[in-house]
Structures are given as structure tokens and as C-alpha cells.
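Worksheet: the structure to be examined is printed underneath.
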Amino acid sequence: MKKKDYLLIGGLFIIILISFIWINLSQGKPSTIAKVYHINDVVIEVDFSKNTYQLYPQKVDNNYPKLIEPLSKEGADLAFVMLGDFFIGDRRTELIIEVDFDTKSIRIERDETPKQIGVNRNWYNGKGLPVVSLPNKVSIRFEQTNDDLDGVIWII
14 MKKKDYLLIG
24 GLFIIILISF
34 IWINLSQGKP
44 STIAKVYHIN
54 DVVIEVDFSK
64 NTYQLYPQKV
74 DNNYPKLIEP
84 LSKEGADLAF
94 VMLGDFFIGD
104 RRTELIIEVD
114 FDTKSIRIER
124 DETPKQIGVN
134 RNWYNGKGLP
144 VVSLPNKVSI
154 RFEQTNDDLD
164 GVIWII
């Protein structure tokens, strides 16, 4: 290899390293609100900074989601049952969502889909990709409250 090849490889490495550091440092404050979506509608909203939750009726059945006792012995504080979009016969399947305020995390504890991808994700605290149960069209995402001033307002 020639000297120019080493310079090119070294330059690319430095650019990638700087980009990686910049992306990791610019993520800001950790998210405090977890939202459970069914299709594009928020069904459950959990605020970990206040240890509160808000339930919104599902469009497919206003009786869901429901608050239940947590199933697992892994420290869950709350559990909810909601309907998914996966059908077994002519019946919609139920998902169980668990919340742990101590670790500020949430998960899909149980669903009836064949591959259990959302369940296998386990506890989610906002780091990494969101939790998704594609057959049920359910996703869990963390979002930040935006209380900071977003721009400058000029008064003349």
C-alpha cells in the first residue's frame, strides 16, 4: 500500500470516530415518558418522572386497555391488558404490558403471536430501538417532554 492509501484510510477512520462520538454525546437528557401505540394511536402513556400513567380507550374496543395485577415476579409495578391486531380464528389477541417504575422500564410481557418478537425484547428503558410487535401493530417508544424554549421570539 502506498502512503496515500494510509492517509485515506486514516482520514476516513478519524471522520467515522468523530461522527460516532458526536452522535453519542448529542443524545441529550434521557426520555421519561413511555408511550404504547396501537397502530398510530397512543393507548397507554407512562410518566416515569412522576410515576403516573394515563390510559386512552382503544378504537377497536373501548373497554381496553385495562389495569391488572402484574404477572411476573420480576419487579413489575403495573400491568395492562390491551387488544392487538393479530387474530386467532375470529378473536383479537390480548397483549400484557408491564411497567417497572424502579428501573424506569416497560415491556410486552405476553402476547399470542407466533414468533414472540415483542416479548423476546424484554425490559425496555428507552435505549436502543423501540419495542415492536408487528403482527399486533403495537409499539413502545420513549419520548421526551419538550419544556425548553425552542427558538427566539422577537417582540417589536
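For the sequence shown, this note's numbering assigns the number 14 to the initial residue and increments by one for each residue that follows. Ideal Cβ placement from N, Cα and C applies to all residues, glycine included.
So residue 18 is in the alpha helix (DSSP H); what residue range does that whole segment cover?
Where residue 18 is concerned, the enclosing alpha helix (DSSP H) stretches over 16 to 38.
What separation, rounded to the nearest whole angstrom, lies between the Cα atoms of residue 137 and residue 57?
Answer to the nearest angstrom: the Cα atoms are 15 Å apart.
Using the C-alpha atoms, what's the distance from residue 55 back to residue 69?
For residue 69 and residue 55, the distance between alpha carbons rounds to 7 Å.
Using a 10 Å radius around the Cβ and a threshold of 16 neighbouring Cβ atoms, would you call residue 104 buried or exposed?
With fewer than 16 Cβ atoms within 10 Å of its Cβ, residue 104 is classed as exposed.
Excluding sequence positions up to five away, which residues of its chain have a Cβ less than 8 Å from the Cβ of residue 84?
For residue 84, where only same-chain residues beyond five positions count, the Cβ hits under 8 Å are 92, 109, 111, 122, 123.
To the nearest angstrom, report how far apart residue 71 and residue 96 are at their CA atoms.
If you take the alpha carbons of residue 71 and residue 96, they lie about 8 Å apart.
Could you tell me the distance, in whole angstroms, from the CA atom of residue 22 to the CA atom of residue 37?
Cα-Cα distance, rounded: 23 Å.
When the Cα atoms are used, what is the spatial distance from residue 140 to residue 149?
Cα to Cα, residue 140 sits roughly 22 Å from residue 149.
With DSSP as the reference, label residue 142 as helix, strand or coil.
Three-state DSSP puts residue 142 in coil, outside helix and strand.
Quickly, what does DSSP pair residue 65 with across the bridge? List them, please.
Answer is 60, bridged to residue 65.
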